[in-house]
Structures are given as structure tokens and as C-alpha cells.
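Down below is the structure, laid out as C-alpha cells.
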Amino acid sequence: MASNVETMMYVGETPWHGLGTKVDEAPDSATAIKMAGLDWQVTQENVRVGRSVVDGYKANVRSSDHKVLGITSDKYEIVQNADAFAFTDAMIGAGCKYETAGSLKEGKIVWLLALTDQRKILGDDIKQYLTFVNGFDGKTPVKVFDTSTRVVCSNTLQLALSGAKRVWSFEHSTGVQDRLREFQITMTNARNYMDNLEKFAEELHKKTINKKQLEEILTQVYGDEDEFADQKMKQERILRLKKRVIDVYNDTDDLQNHRGNAWGLYNAFADVAGHGTPTNNKGAVRERRFLSYIDGNKLLASAQKAILMVA
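Note that my numbering has the sequence shown beginning at 160, numbered continuously upward.
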């Protein structure tokens, strides 16, 4: 299978890769785990070379097809898919609904995405999601993070907000289950994320962006095309990237209430990051974009930093 997506279920619009099981409304965990093809477990087996057991290492093996998902230290603790759903259920509470869930890279990475809050911010419908990412490859930690989406265009707002930590990460070392339980108790920052987002959006909305500031922000994010007069392709690429943001910022109907201010500009970057046609439109580019949201989209982080410095 060419795509990094192995199995998944999703609510609403068909993803770009065209894979997965579509459902009409977000299911509960018991339904989601089956629809997403995640109703399997991982066991640990000895690693052998010939007849000899390799001390200190284990193979993480999937129950459904006996596929080896990773070779790890014998101190590695597995977080089963059912436990991941149970953890998210308990953290969010009764009525938790999942909008996407699935596995990537032939089962080596699993993710769940559940709706946790929704409200209007500056006239736009904003949804907050909690995403749980788990790996069996020995390289991917357990990761839990908040992200928000402006519903009208489904662009992801990955803002790093002071006082509202966005990402929590736990290695699969001894005690990972205890650390997850501790994290579940200390969810105050996560629950305050939307409150902080609303305040931050209002602050950015008050900051006007003039033409000079716009150019300065774009240059900080993409570079100065004048420095590459002898590299025509790179110069044209920078100009093309800047124009894409400017076009969204100036001409997109759903940004008309935010045009001319820092919040509108950030949303223009978010729209480009999530939906802009990549220079290379091959599947691999789209896959990297899809996976980039696990660790935080670099374009959005750079745009936020530049806007706060200039505006």
C-alpha cells in the first residue's frame, strides 16, 4: 500500500488518500476501535539469532497477523489499543466521540482523535480535539496533544499558548501506565486551552497588519527572495509561497471579518498549511503533511513566532 495510512475510520469528508471506513456520526470507543481496524493486541516475544535468545531485547508482535512492529528494549512497556481508547474515554468523560482513528506505517503508529469542546471565537465555530498517538516501533512515544480547528474551512490552529501546554509525551519505559494515570489527574492546562485560545485570538484580532508588516512577516517565514537573485528557481518558489498566503488573506470569503489583523493572517497561514496545493502534488508530500500534525506543523509555528515579533 503506497500510503502511510494502513487502516482508519473517519467522520465526514473523505480524506485525501481515499482510504478508511466512513461513518455518518462520531462513534464511541467500542465502535471506533473496530471500524478503525484497531481491534488487535501486541505481544512481546524473544528475539533470536539462530537458536540463541538475544538478551535485553523483545519483538513487538501484532496478534492479528504476527507482524513484527518493532524491536525494543525488554524494559519497554506496551500500551494496548484498547487501553488507549479507555484512557481517552476516562480523560474526556461520558459521551466521548471519535472523529478519526487508525494506524500508520503498517501498524507501527496508532492515533485516536476525539472532540472535547466547541464554541464560537470571534464569530467562528472552533472545535477542540484531543489526539492520542501511540507507537509500537520502539521509537514513537505515547503522545497526547490538543489541537483546534476553525470549522468553516477545517484549518488546524496549532497555537502554542502560554499557560496551556499543548503536547504531553511519555516514553514506553517502566511506569508508563502510572505516568498516564498521573497525567489524567493533571488535565487543568488542557481544559483551559480553549479559554486561552479565545483570549489569544482576541489579542491578535486587535493587532492591525499593514503592508510593510505583512511583507516582513512573510520574509521571516519564507525568506527574502532578493537574496537569491542568482538562484531563479528558489527566488520564484519564495515569491509563489508568499503570494499563496497573500491571496488567501485578501480574497478568502471566510476571512473577511478578520482581514487586516494578525488573527486573520495567522488563519491564512493555517489555511495554506492544511489545504494549499503543494508544489509537488505527489502522494508522499501529502503524507508528510498529514503526519506533520503529530509533532506540530513547522509553518504554523514559524508564522506564529513571526506575527508575534512584528505585529
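The beta carbon of each residue, even a glycine, is placed where N, CA and C say it ideally should be.
Buried or exposed: which applies to residue i, given that a residue is buried once 16 or more other Cβ atoms fall within 10 Å of its Cβ?
i, result
"residue 217", "buried"
"residue 468", "exposed"
"residue 247", "buried"
"residue 436", "Here the model assigns residue 436 a pLDDT of 48, short of 50, so the residue's position is not dependable, and the following value carries that caveat. Looking at its Cβ environment, which holds fewer than 16 other Cβ atoms inside 10 Å, residue 436 is exposed."
"residue 219", "buried"
"residue 278", "exposed"
"residue 390", "exposed"
"residue 189", "exposed"
"residue 328", "exposed"
"residue 384", "buried"
"residue 415", "exposed"
"residue 168", "buried"
"residue 309", "buried"
"residue 353", "buried"
"residue 191", "buried"
"residue 208", "exposed"
"residue 180", "exposed"
"residue 392", "exposed"
"residue 388", "exposed"
"residue 433", "buried"
"residue 474", "Past the boundaries of the shown model lies residue 474; the chain is included only from 160 to 470, so the question cannot be answered."
"residue 185", "buried"
"residue 252", "exposed"
"residue 249", "exposed"
Determine the direct distance from the alpha carbon of residue j to that of residue i, and round the result to whole angstroms.
i, j, result
"residue 370", "residue 427", "15 Å"
"residue 234", "residue 330", "11 Å"
"residue 332", "residue 245", "20 Å"
"residue 522", "residue 276", "The shown model of the chain, from 160 to 470, leaves out residue 522, and the question about it has no answer."
"residue 199", "residue 222", "6 Å"
"residue 398", "residue 306", "30 Å"
"residue 470", "residue 334", "44 Å"
"residue 338", "residue 239", "15 Å"
"residue 463", "residue 212", "51 Å"
"residue 395", "residue 214", "55 Å"
"residue 171", "residue 413", "20 Å"
"residue 241", "residue 298", "20 Å"
"residue 419", "residue 300", "41 Å"
"residue 296", "residue 461", "30 Å"
"residue 411", "residue 261", "32 Å"
"residue 417", "residue 287", "20 Å"
"residue 289", "residue 210", "45 Å"
"residue 382", "residue 457", "14 Å"
"residue 361", "residue 372", "19 Å"
"residue 304", "residue 273", "11 Å"
"residue 380", "residue 316", "17 Å"
"residue 236", "residue 400", "44 Å"
"residue 336", "residue 187", "22 Å"
My understanding is that residue i touches residue j, with C-beta atoms under 8 Å, so please give their C-beta distance in whole angstroms.
i, j, result
"residue 266", "residue 165", "6 Å"
"residue 459", "residue 429", "6 Å"
"residue 466", "residue 408", "With 8 Å as the limit, residue 466 and residue 408 do not qualify as a contact, their Cβ atoms being about 12 Å apart."
"residue 271", "residue 243", "6 Å"
"residue 326", "residue 302", "7 Å"
"residue 318", "residue 359", "6 Å"
Is there a C-beta anywhere in chain D that falls below 8 Å from the one on residue i?
i, result
"residue 361", "Note that chain D does not occur in the displayed structure, where there is just one protein chain."
Under the criterion of a Cβ to heavy atom distance below 7 Å, does residue i qualify as lining the ligand NAD?
i, result
"residue 429", "By its list of ligands, the structure shown contains no ligand whatsoever, and the ligand NAD lies outside what it can speak to."
The region 225-237 in contact with the region 198-211 per 3-pair CB rule at 8 Å
The region 225-237 vs the region 198-211: in contact.
With a cut-off of 8 Å, do at least 3 Cβ pairs link the region 187-195 to the region 241-258?
yes
Between the region 401-411 and the region 368-387, are three or more C-beta pairs nearer than 8 Å?
yes
Contact between the region 274-291 and the region 365-373 is defined here as three or more beta-carbon pairs at a separation below 8 Å; is this criterion met?
no
To test your reading of the DSSP string, which unbroken alpha helix (DSSP H) runs of 4 or more residues are found completely within the region 181-244?
188-194
Which full runs of the alpha helix (DSSP H) of 4+ residues lie inside the region 346-372, going along the chain?
Runs of the alpha helix (DSSP H) inside the region 346-372: 347-350, 352-365.
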